[in-house]
Amino acid sequence: MSGSRSLAEHVADQLAPLGEVTIHRYFGGWALRSHGRQFAMVMDTLYLRVDSAARSFYERAGSTPFTYHAAGREVVVHTYYSVPPDAMDDQDGLCSLARTALR
Numbered sequence: 018m019s020g021s022r023s024l025a026e027h028v029a030d031q032l033a034p035l036g037e038v039t040i041h042r043y044f045g046g047w048a049l050r051s052h053g054r055q056f057a058m059v060m061d062t063l064y065l066r067v068d069s070a071a072r073s074f075y076e077r078a079g080s081t082p083f084t085y086h087a088a089g090r091e092v093v094v095h096t097y098y099s100v101p102p103d104a105m106d107d108q109d110g111l112c113s114l115a116r117t118a119l120r
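The sequence shown finishes on residue 120 if you use my numbering, and the numbering steps up by one all the way, no holes.
The following block contains the structure:
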């Protein structure tokens with residue numbers, strides 16, 4: 018699994034209404050931060066940080082948690098979920114999801 022720098026840059030451009038969004042190398046992918054707080058990561062797709070209240074929204078939208086393999090087992094990270102596909106082309110919707118991730 019590897020992160021696409023071009024996808025990370027596209028997402029940062031889409032999130033310009035939030036103000037400062039920076040991109041940093043992160044475990045084979047890219048972390049997105051706003052004012053020093055990480056709220057998203059780009060690996061093979063865009064994942065946003067979620068809390069227990071937001072998780073059910075993502076699950077209903079068909080999003081999946083970030084997973085990776087280590088030491089012969091699959092690790093599921095329930096604090097990051099893939100962004101619903103329709104949000105990627107909806108700047109207002111993506112910004113709304115990112116604001117929630119920043120809270």
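Where a beta carbon is used, it is the ideal one built from N, C-alpha and C, also for glycine.
For clarity, every value in this text was computed on a predicted model and none was experimentally measured.
- Remark: C-beta atoms of R72 and Y98 approach each other more closely than 8 Å.
- The C-beta separation of S80 from V59 comes to about 15 Å, leaving the pair out of contact by the 8 Å criterion.
- Counting only the Cα atoms, G20 lies some 23 Å from P34.
- Ranked by Cα distance from H95, the first of V67, M105, L114, A104 is V67.
- Residue state for S80 is assigned as coil, using DSSP reduced to three classes.
- When secondary structure is reduced to three states using DSSP, F74 falls in the helix class.
- Here DSSP, grouped into helix, strand and coil, assigns E91 to strand.
- Classified as buried, S51 has 16 or more neighbouring CB atoms from the shown chains inside 10 Å of its CB.
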